[in-house]
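**Q**
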Amino acid sequence: MLPVVGHILVGIPYAAKPTKRQPGWTFDFEQVDRALAARPGLLSSCEIVPDVAPDARLIRRWAEALACRGVRELTLDFRRDPNVDASPVLFLCRSLVRLELHGCRLVPDSPEMLRFPPPLLSLGDVELCDDTFLGITTACLLLERMELLCCYGFKWFRLDGAHRLRSLTFQYPPETHLDELQMIDDLCPQAALRPPLPARIRRRCFPTCLSVDRVPESLNSPFLMLKRLYINVALKYERQALCLAVLLQQFTSLEQLNLFIIKGDVPCAGAALSQPEFKDHQWRLEEAGCLRDRLQMVTISGFTGEFYETCLAGFILMVARALKKMTVSLNSKCSNSGKNAAHSLANLKRASSMAKFRVKTSR
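If you're matching positions, the sequence shown starts at 1 in the UniProt record's numbering and goes up one per residue.
#1: Look up R79 in the DSSP assignment and say whether it is helix, strand or coil.
#2: How big is the Cα-Cα spacing for P189 and L134?
#3: What did DSSP end up calling Q296 once you bin it into helix, strand or coil?
#4: With a cut-off of 8 Å on the beta carbons, I'd call L165 and E144 a contact; round off their distance for me.
#5: Counting Cβ pairs closer than 8 Å, one from the region 310-322 and one from the region 286-293, do we hit at least three?
#6: Go ahead and label W283 buried or exposed: buried means 16 or more other beta carbons lie within 10 angstroms of its beta carbon, across all protein chains shown.
#7: If you follow the beta strand (DSSP E) that I262 is in, where does it begin and where does it stop?
#8: Between I262 and the rest of its own chain, which residues show a CB-CB distance below 7 Å, the 5 nearest in sequence each way excluded?
#9: Using C-beta distances below 6 Å, list every residue in its chain close to L219, excluding the 5 sequence neighbours before and after it, in chain order.
#10: Are there 16 or more other CB atoms within 10 angstroms of the CB of T361, so buried, or fewer, so exposed?
#11: Does DSSP classify L286 as helix, strand or coil?
#12: Identify, in the order they occur along the chain, each residue of the same chain with its Cβ nearer than 8 Å to the Cβ of L66, setting aside the five sequence neighbours on each side.
#13: Can you give me the C-alpha to C-alpha distance between M1 and R69, rounded to a whole angstrom?
#14: If you draw a straight line from the C-alpha of L99 to the C-alpha of R34, how long is it?
#15: Determine the DSSP secondary structure at L187, reduced to helix, strand or coil.
#16: Count the other C-beta atoms from every protein chain shown that fall within 10 angstroms of the C-beta of N331, then say buried if there are 16 or more, exposed otherwise.
#17: Given C151, which residues of its chain have a CB within under 6 Å of its CB, disregarding the five upstream and five downstream residues?
#18: From A53 to A288, what distance separates their C-alpha atoms?
#19: Going by DSSP, name the residue or residues bridged to G357.
#20: What's the C-alpha gap between S87 and L106?
Structure (structure tokens):
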């Protein structure tokens with residue numbers, strides 16, 4: 001059996017990346033080859049960040065060498081070069097438990113090249129096509145955590161094969177608008193495409209943690225088992241406030257809610273609330289079983305004391321029987337009236353005798 005080697009260079013896991021160098025220094029691709037072949041043994045982690053793009057043959061050679069070393073954790077950052085295809089890494093490195101890819105593309109010649117994604121997969125600024133994303137998620141028998149950070153080139157999200165997925169993070173590129181990309185609605189198999197999954201399978205498929213940087217336009221949510229939600233929302237917009245109310249209505253198992261209040265204009269968010277009537281959405285919130293029976297922790301960041309923000313926080317305090325803690329973090333430009341509105345929430349009668357309420361001021 002090969003000995004387990006936690007590093008190639010002395011004292012650290014192997015890392016090849018440009019730092020502060022002498023003028024005229026260039027990345028030495030052969031150095032990577034020499035280091036990977038330096039001595040036998042399993043490799044716990046490796047990070048390669050070249051300042052120029054390697055060609056396809058080099059990527060495959062590295063992937064083969066890393067696969068032979070049984071690499072467990074791998075980070076490759078190619079600084080968004082659309083010509084670099086990292087598909088061989090997913091196909092060859094089958095011992096990975098964590099893979100981070102940045103600034104490249106995953107467009108394999110065959111779906112067979114996507115058969116072995118690791119339990120932790122993070123893709124940042126990576127070009128994907130719909131077939132690639134579907135290939136990853138339908139083959140990801142071990143995938144537990146996935147991050148898609150400013151990835152592009154695909155529109156459909158299908159996670160029906162990701163039975164062990166527990167944490168899912170989305171971040172859209174700044175240029176992406178909500179009218180161009182559906183999210184929540186496309187995360188589950190659609191009735192028009194295939195029959196619904198059996199309930200026993202469906203319960204295993206749904207992530208328990210979701211991060212999104214906008215309230216989605218599509219409202220048919222499959223996340224029945226979701227326990228933690230991190231979401232950015234502009235409550236001054238009618239459509240955003242309505243979307244949030246509907247999402248909370250559907251997340252029946254939610255235990256932790258983290259709201260980040262967006263200020264300023266939001267593309268494709270619809271018209272601003274001319275007369276913000278909280279009662280228009282209150283009946284939906286009253287039907288949200290998670291608010292009454294499951295919700296334990298609430299954090300509201302960027303609070304300004306506007307009408308809807310204050311009503312929503314107050315409503316949760318008054319109906320959430322399982323609530324243990326609510327933290328309201330004030331916006332740095334919060335007015336005195338907004339601060340008073342936040343502190344006034346402490347005087348409301350709380351449904352939970354255990355609920356603690358705290359107002360945090362920005363520094």
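We put the CB at the ideal spot given by N, CA and C, even for glycine.
**A** In brief:
#1: coil
#2: Because the pLDDT of P189 is 32, which lies under 50, any placement of that residue in the model is unreliable, and the question is left without a value.
#3: coil
#4: 6 Å
#5: yes
#6: exposed
#7: Element bounds for I262: n/a, residue is neither H nor E.
#8: N232, V233 and A234
#9: Note that L219 has pLDDT 43, beneath the 50 cutoff, so the model's placement of it is unreliable and no number is given.
#10: exposed
#11: It is worth fixing the name first, because residue 286 is Glu in this sequence and not Leu. Helix, per DSSP.
#12: L36, L43, C46, L74, V89, L92 and C93
#13: Caution applies to M1, whose pLDDT of 36 falls short of 50 and renders its modelled position unreliable; the value that the coordinates give is listed next. Their Cα atoms are separated by approximately 12 Å.
#14: 22 Å
#15: With a pLDDT of 36 at L187, under the threshold of 50, the modelled position of that residue is not reliable, and no figure is offered here.
#16: buried
#17: L123, V126 and L128
#18: 50 Å
#19: In the sequence under discussion, the amino acid at residue 357 is Phe, which differs from the Gly named in the question. Per DSSP, M326.
#20: 5 Å
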